[in-house]
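Novice: Per the working numbering, residue 6 is the first one in the sequence shown, and the count goes up by one each step.
Glycine included, C-beta positions come from ideal geometry on N, C-alpha and C.
Got a structure for you, questions after.
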Amino acid sequence: MYDKQREEEDEEKRRRRRFCAYWQCCSSLSPLVNGLILGALFGGLILAVIITLWLTSANKISTTTIMNISTATSITYHNVRHIVRRQLPIVRRKLDKQITAMVLMRVIVFVCLLLPYITYRIYAVNFPTSRSMPMAYAISRLIQAIITSIYIINFAINFYIFIIFSPRFRRQVKLVLVKKCWQRWKYWCCSINNRIDPGNNIEPCNSQTESDGNI
6 MYDKQREEED
16 EEKRRRRRFC
26 AYWQCCSSLS
36 PLVNGLILGA
46 LFGGLILAVI
56 ITLWLTSANK
66 ISTTTIMNIS
76 TATSITYHNV
86 RHIVRRQLPI
96 VRRKLDKQIT
106 AMVLMRVIVF
116 VCLLLPYITY
126 RIYAVNFPTS
136 RSMPMAYAIS
146 RLIQAIITSI
156 YIINFAINFY
166 IFIIFSPRFR
176 RQVKLVLVKK
186 CWQRWKYWCC
196 SINNRIDPGN
206 NIEPCNSQTE
216 SDGNI
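Structure (structure tokens):
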């Protein structure tokens, strides 16, 4: 049983190394080669031609991003299949499911927020707007600003996605905010309020001296 589990872990490590090597190669290739690779992986020749044209029309950033998304999705898919086959403890299985759900939802949200930007870039490259038409140029710039703002949300939405889809992550955030940050702030405020003012100790001494003098 132990040897079988060891072999499965070694196979998973080799699979991850292959995907990492694939990602590094695809990041340095041209859109034409990337389109052919994606078409060969997910479909036939027609799909390869469509993806190639799409990637060629888009910029290099979009090409690299698409390859990153496809690699992360493939790794997640193989990880899910591997988790189903393995016999793990219940707690470990729940944690793996939460991690898988977090990664899948991150990929889905990333694709949804990235598609408008890629679509606009393809349209802007193929149908550029001239400055001689002020109204059309202003509208295109406004659309570009809105779509770019939507795309930038990708860099700030990870925390909220993990909060929604991972109970363990919520517990960890609650632990950090309540148990550590709040307790430290509370201790700091209480320590300030409990400080002894030197002026409060002078008055009783003065009053006692006056009473002794009266006696």
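1) Chain B beta carbons: is any one of them nearer than 8 Å to that of residue 131?
2) What does a CB cutoff of less than 7 Å around residue 19 pick up in its chain, not counting 5 residues either side in sequence?
3) Closer than 6 Å by C-beta to residue 183: which residues in its own chain qualify, once you throw out the five before and the five after it? Chain order, please.
4) With DSSP collapsed to three states, give me the class of residue 129.
5) How far does the alpha helix (DSSP H) with residue 158 in it reach, from first residue to last?
6) How many angstroms separate the CA atom of residue 187 from the CA atom of residue 174?
7) Beta carbon of residue 168, beta carbon of residue 114: below 8 Å?
8) With burial defined as no fewer than 16 other Cβ atoms inside 10 Å of the residue's Cβ, what is the status of residue 122: buried or exposed?
9) Beta-carbon within less than 8 Å of residue 155's beta-carbon, same chain only, minus the 5 sequence neighbours each way: which residues are those?
10) Within this structure, are the beta carbons of residue 125 and residue 152 separated by less than 8 Å?
11) Ignore the nearest five residues each way along the sequence and tell me which others in residue 148's own chain have a CB closer than 8 Å to its CB.
12) Give me the Cα-Cα distance between residue 99 and residue 150, rounded to the nearest whole angstrom.
Specialist: This is what the structure gives:
1) Any reference to chain B falls outside this structure, which holds one protein chain only.
2) Residue 19 sits at position 14 when you count from the first residue of the sequence shown. Contacts found: none.
3) For this step, residue 183 is matched to residue 178 along the sequence shown. None.
4) Residue mapping note: residue 129 aligns to position 124 of the sequence shown, counting from 1. Looking at residue 129 - three-state DSSP - the assignment turns out to be helix.
5) Here residue 158 refers to the residue found at position 153 when the sequence shown is read from its first residue. Premise fails: residue 158 is in no alpha helix (DSSP H) and is neither H nor E.
6) Position 182 of the sequence shown, counted from the start, is the residue given in the question as residue 187. Position 169 of the sequence shown, counted from the start, is the residue given in the question as residue 174. Taking the straight line from one Cα to the other gives about 18 Å.
7) The sequence position of residue 168 within the sequence shown is 163, counting from 1. The sequence position of residue 114 within the sequence shown is 109, counting from 1. Going by C-beta atoms, residue 168 is not nearer than 8 Å to residue 114.
8) For this step, residue 122 is matched to residue 117 along the sequence shown. Under this definition residue 122 is a buried residue.
9) As a position in the sequence shown, residue 155 is number 150, starting the count at 1. Once the five neighbours on either side are set aside, the close Cβ partners of residue 155 are 118, 121 and 122.
10) The residue given as residue 125 occupies position 120 in the sequence shown. The residue given as residue 152 occupies position 147 in the sequence shown. Yes, the Cβ-Cβ distance between residue 125 and residue 152 is below 8 Å.
11) Translated into the one-based positions of the sequence shown, residue 148 becomes position 143. Cβ neighbours of residue 148 beyond the five flanking positions: 125.
12) By one-based count along the sequence shown, residue 99 stands at place 94. By one-based count along the sequence shown, residue 150 stands at place 145. Distance between the alpha carbons of residue 99 and residue 150: 41 Å.
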